[in-house]
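When you read off a place in the sequence shown, starting at 1, and then add 43, the result is the number in the working numbering. The block underneath contains the structure these notes are about, expressed in structure tokens.
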Amino acid sequence: MADSKAYVKRVLAQIEKRDPDQKQFLATVTKVLESVEPLLDQHPEYEQNKILERMVEPERVIEFRVPWTDDKGEIQINRGYRVQLNSAIGPYKGGLRFHPSVNLDILKFLAFEQVYKNALTGLPIGGAKGGSDFDPHGKSDAEVMRFCQSFMTELFRHIGPNVDVPAGDIGVGGREVGYLFGQYKRLRNSYDAGVLTGKRVDYWGSLARTEATGYGLMYFVKDMLDAKGIDLKDKVVVVSGAGNVATYAIEKAQSYGAKVVTCSDSNGYVYDPNGIDLDCVKEIKQVKRGRIKEYVETHPQAEYHEGCTGVWTVKCDVALPCATQREIDLESAKALVANGVKAVGEGANMPSTLEAIDYFQSHGVLFGPAKAANAGGVATSALEMAQNSERLQWTFEEVDGKLHGIMTNIYKQAKANAEKYADPDDLVAGANITAFQKVANVMLAHGLV
Ligand code: NDP
Ligand code: 2IT
């Protein structure tokens, strides 16, 4: 039998040596590789073919200058990136993030996660991530447009409907995808609708893509709870974030009869003991592009608290981190467990630190890991690509039905592999093993590339 522990250790040590500053990338890779050790034991061909070494090295990393002019006429320079990590099972696919914290470490971790998330969907998409340290907060529409046009003026030569298909992520929604698509179309002189997903539904976007990540998260969480005989009805749910993922997770949770009592942005969180009024949140975030603290102006029974981590001290049955990475650390995990949390579903990418995940799992909390639980967004992006290829638009019900089926399938596969290889409730291991096996086998089939 192969010594898989030693193999994994060697590959992790090599990453640390080559890129000592890439801590988040290392954390993600560590979790994935450690959980596939039982598979590596059974399949010496993975080590013989250096599959791990190949998997942790992106196929291509693009970094570029993004010059643009602000409304005062001043020149601004941002950094743009695209990390094309793995194209074994399809064209590169993954979102673009515009946030001041964006750097190569974060994009490599997100791209790595994306490869395995995309494999879980069962659809033919490889993995990538990109973005910029541009901060859309407080920028005018015209500034966002000029930035997007400049960003695409370099990115366009690296993407295409059969090459790499970006979409949204933090700071990139329908407005940004529109400006990016317009510039791509102009540069190529070709209506390659499938080059970006998350388009508006009046020009080749998929119905239900906007809702897909949040709805998909709730389909997954519901499956996880149903398996234990726990009904979401009247359960208290704590959500972080008030963006795309959070909004539609709240909508679906409420439709199941759950009581969602919080949401947040990067300044602080709102606690509403009567349950969050989602129309008000949509009005503040989507229409006015305002701050979540405005909620209490019209809801006097609600409280606003400065700072993000306090949200995890609110007593709840289900916690849904839907804002950003590393928002639940060990201390927050302890607070949630002390308050009796039953399940955690990760809407954001890597919102829980490795220590927090260990704490949840060792205290009997059902844990839905990001790459499985939030895969509904990218799955529906792949459905958007399919619709674009056939030049047809499916109904909301048809897309939502397929999304639901995909999420249930992801849950079942992760659960089956958890039962086969790890602790029967360890969906982290189950999801990693399911996805890894698929990507690794296709890489073997393609030979040394
Ligand atoms: P949005 O930009 O729509 O919303 C992000 C939300 O999180 C906002 O409320 C934002 O607050 C808050 N937030 C962002 N950064 C931070 C931070 N550093 N600290 C605290 N709060 C923060 O993004 P999405 O909803 O699309 O993405 C949220 C998460 O879900 C990300 O981890 C993303 O990678 C992941 N995800 C997204 C998918 C999608 O389809 N969009 C699919 C799968 C995962 P503020 O307004 O103050 O910035
Ligand atoms: O993290 C993610 O899965 C996304 N931001 C969605 C990517 C996509 O291509 O739809």
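Positions of the beta carbon are idealized from the N, C-alpha and C atoms, including for glycine.
Start and end residues, alpha helix (DSSP H) containing residue i
i	result
G286	Run containing G286: none; DSSP gives neither H nor E here.
K445	F439 to Y464
L95	I94 to M98
S405	L397 to S405
P81	E80 to Q85
R229	G217 to R231
Y258	R252 to D269
V187	D184 to L198
K60	S47 to R61
A429	G419 to E433
T341	Y338 to T341
DSSP-derived helix/strand/coil call for residue i
i	result
F410	strand
I168	coil
W355	helix
N121	strand
F177	coil
L153	helix
K146	The residue you asked about is not Lys; residue 146 is Asn in the sequence shown. Reduced to three states, the DSSP call for N146 is coil.
R332	coil
G388	strand
I327	helix
N129	strand
D469	coil
A70	helix
G237	helix
I273	coil
A301	coil
D245	helix
D322	helix
V485	helix
V492	coil
N161	helix
N382	coil
Q65	coil
Start and end residues, beta strand (DSSP E) containing residue i
i	result
K136	Y135 to F141
E346	E346 to E349
L363	V361 to P364
Chain C contact for residue i (CB, 9 Å cutoff)
i	result
D178	Note that chain C does not occur in the displayed structure, where there is just one protein chain.
Beta bridge counterpart(s) of residue i as assigned by DSSP
i	result
D207	Y135 and G203
G311	E349
K278	Paired residue(s): none; K278 is not in a bridge.
W111	Q119
C306	V313
I371	S395
E106	Y124
D212	V215
Top-ranked residue by Cα proximity to residue i, from the options
i	options	result
C191	A345, L147, L166 and F141	F141
V408	V354, A399, A386 and L426	A386
N92	F194, Y50, Q127 and Y258	Y50
W111	V187, L83, E440 and E219	V187
A366	D64, V282, P316 and M98	V282
G448	L166, A461, L435 and V361	L166
G390	M261, I94 and K60	M261
I168	V206, S193, G221 and D148	V206
T196	L139, S249 and Q226	Q226
N310	G286, N317, K336 and K325	K336
S405	L491, T423, A378 and D469	D469
E326	D315, Y338, N317 and G318	Y338
D315	D308, E346 and V330	E346
P412	P364, K463, G173 and E349	P364
E349	K328, Y312, V238 and C323	Y312
T305	F152, V357, A483 and P343	V357
E294	A270, C323 and K160	C323
M428	I94, I120 and L250	L250
R122	D148, E88 and D176	D176
E106	F194, A422, L239 and N287	F194
R369	A70, V54 and P63	A70
For residue j and residue i, believed in contact at Cβ under 8 Å, the rounded distance
i	j	result
D372	T396	5 Å
G211	G241	4 Å
L128	V158	5 Å
L150	Y124	5 Å
G257	A289	7 Å
R334	D308	6 Å
D266	Y454	4 Å
K414	E254	Not a contact, Cβ separation roughly 20 Å.
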